[in-house]
Amino acid sequence: MSETSTLISCTGKSTRELAKLPTPPATETHIPIPHAAVVETLVETLSHRHIGVVGDEFAASSDAIEMFGVLDLEAGFEGCRFAIGIRNANNKRFRLAYTVELRVFVCHNLAFRGDYTPVLAKHSKHFSLEDALSIGVDWMQRNFDPMRQQVEHWRVQQLSGEMARLTIYRAFIEGALLEEFLEARFSESL
Numbered sequence: 000m001s002e003t004s005t006l007i008s009c010t011g012k013s014t015r016e017l018a019k020l021p022t023p024p025a026t027e028t029h030i031p032i033p034h035a036a037v038v039e040t041l042v043e044t045l046s047h048r049h050i051g052v053v054g055d056e057f058a059a060s061s062d063a064i065e066m067f068g069v070l071d072l073e074a075g076f077e078g079c080r081f082a083i084g085i086r087n088a089n090n091k092r093f094r095l096a097y098t099v100e101l102r103v104f105v106c107h108n109l110a111f112r113g114d115y116t117p118v119l120a121k122h123s124k125h126f127s128l129e130d131a132l133s134i135g136v137d138w139m140q141r142n143f144d145p146m147r148q149q150v151e152h153w154r155v156q157q158l159s160g161e162m163a164r165l166t167i168y169r170a171f172i173e174g175a176l177l178e179e180f181l182e183a184r185f186s187e188s189l
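In terms of numbering that gives the first Met the number 0, the numbers along the sequence shown are unbroken and rise by one, the last being 189.
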C-alpha cells in the first residue's frame with residue numbers, strides 16, 4: 000500500500016498490464032488513446048525531467064474502456080513525496096486527466112482528488128498526448144515549490160501537545176454547547 004496515493008477499484012488492481020487491454024476504434028471526432036500509451040508517455044515525460052516513479056498501481060473497468068491509476072514519484076522533500084493520480088476513458092465518459100499532490104485519491108466512481116490538475120483533455124482528433132503531458136508535467140513541476148512551502152508553513156505552525164488537547168477540548172465543549180443551544184431554540188419554536 001502506498002503512503003502517497005490511494006487507488007480504489009471494484010474490478011481489482013493490475014500493475015502495468017495495460018498494454019494487454021483493447022482500445023476501441025476511432026471515430027471521426029473521438030480518438031481513443033491506449034491506456035498503456037498514456038502511462039508510458041507520462042513516465043517518459045517525467046524521466047526527461049529527471050523525475051522517477053517509485054511505485055504505481057492501475058485498474059481498469061471490467062470492459063477495459065476506463066483506466067485509473069496512481070504513480071508515486073521520487074520527487075519530494077524531507078518526509079514527503081509527490082504523487083500523480085491519472086484516469087483515462089475511451090468511451091467519452093470523462094476526459095484524460097492527471098492530478099498531483101503530496102497525497103492523491105483516485106476511485107472508479109470518478110472521485111479524483113489532488114491539489115493541482117495540470118492535464119484535463121478530450122480525445123479529439125487534434126489532441127497530442129505528448130504535448131499535453133509535456134506541458135502538464137511542466138506546470139506540475141512549477142507547483143512543486145508552492146506545495147513544498149505550504150507543508151513547511153504547516154510544520155512551523157505545529158501546536159504543542161497541551162495546545163492541541165485544549166483545542167480539542169474547546170471544540171468538544173463548544174460543540175456540545177452549540178448543540179444544547181440549538182435544541183433549546185428548536186423546542187422553543189414548537
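From the three backbone atoms N, C-alpha and C, an ideal C-beta is built for every residue, glycine too.
*According to DSSP, residues forming a beta bridge with Leu101*: For the purposes of this step, residue 101 is identified with residue 102 of the sequence shown, where counting begins at 1. In DSSP, Leu101 forms no bridge with anything.
*Taking Cβ positions, are Ala246 and Arg112 nearer each other than 8 Å?*
Residue 246 lies beyond the residue range present for the chain, which begins at 0 and ends at 189; the question has no answer from this structure.
_Secondary structure of Ala18, DSSP reduced to three states_ = By one-based count along the sequence shown, residue 18 stands at place 19. Looking at Ala18 - three-state DSSP - the assignment turns out to be helix.
*In chain order, what residues of the same chain have a beta carbon less than 7 Å from the beta carbon of Arg92, not counting five sequence neighbours either side?*
Here the question's residue 92 lines up with position 93 in the sequence shown. Contacts found: Glu65.
*Give the straight-line distance between the Cα atoms of Arg94 and Phe171, rounded to the nearest whole angstrom.*
Looking up residue 94 in the sequence shown gives position 95. Looking up residue 171 in the sequence shown gives position 172. Cα-Cα distance, rounded: 43 Å.
*So, Val103 versus Ile134, is the Cβ gap smaller than 8 Å?*
Position 104 of the sequence shown, counted from the start, is the residue given in the question as residue 103. Position 135 of the sequence shown, counted from the start, is the residue given in the question as residue 134. No, the pair does not count as a contact, with Cβ atoms beyond the cut-off.
*Are the Cβ atoms of Ala59 and Leu109 separated by less than 8 Å?*
On the sequence shown, residue 59 is found 60 positions in, with the first residue counted as 1. On the sequence shown, residue 109 is found 110 positions in, with the first residue counted as 1. Not a contact, by the Cβ cut-off of 8 Å.
*Helix, strand or coil: which one does DSSP assign to Ser133?*
Numbered from 1 along the sequence shown, position 134 holds the residue referred to as residue 133. Here DSSP, grouped into helix, strand and coil, assigns Ser133 to helix.
*asked:* Pairs of beta-carbons, one from the segment 36-44 and one from the segment 128-148, closer than 8 Å: are there three or more?
replied: yes
*Start and end of the alpha helix (DSSP H) containing Glu56?*
Working through the sequence shown from its first residue, we reach residue 56 at position 57. Note, Glu56: premise wrong, no alpha helix (DSSP H); beta strand (DSSP E) at Val52 to Ala59.
_Given this structure, state the Cα-to-Cα distance separating Ala18 from Ala88, to the nearest angstrom._
Here the question's residue 18 lines up with position 19 in the sequence shown. Here the question's residue 88 lines up with position 89 in the sequence shown. Cα to Cα, the separation comes out at about 15 Å.
*Just checking my contact of Ile32 with Leu158 at CB under 8 Å: how many whole Å lie between their CB atoms?*
Taking the first residue of the sequence shown as position 1, residue 32 is located at position 33. Taking the first residue of the sequence shown as position 1, residue 158 is located at position 159. Actually they do not touch by this definition, with Cβ atoms about 47 Å apart.
*DSSP puts Gly84 in a beta bridge; with which residues?*
Translated into the one-based positions of the sequence shown, residue 84 becomes position 85. Per DSSP, Val69 and Thr98.
*Name, in chain order, the residues that DSSP records as bridge partners for Arg154.*
Along the sequence shown, read from residue 1 onward, the residue named residue 154 stands at position 155. Arg154 pairs with nothing; no bridge assigned.
*Could you have a look at Ala63 and say whether DSSP puts it in helix, strand or coil?*
Reading the sequence shown from its first residue, position 64 is the one you call residue 63. Reduced to three states, the DSSP call for Ala63 is coil.
*Quick one: using the 10 Å Cβ neighbour count with 16 as the cut-off for buried, is Ile50 buried or exposed?*
As a working note, residue 50 is residue 51 in the sequence shown. Answer is buried; the Cβ neighbour count reaches 16.
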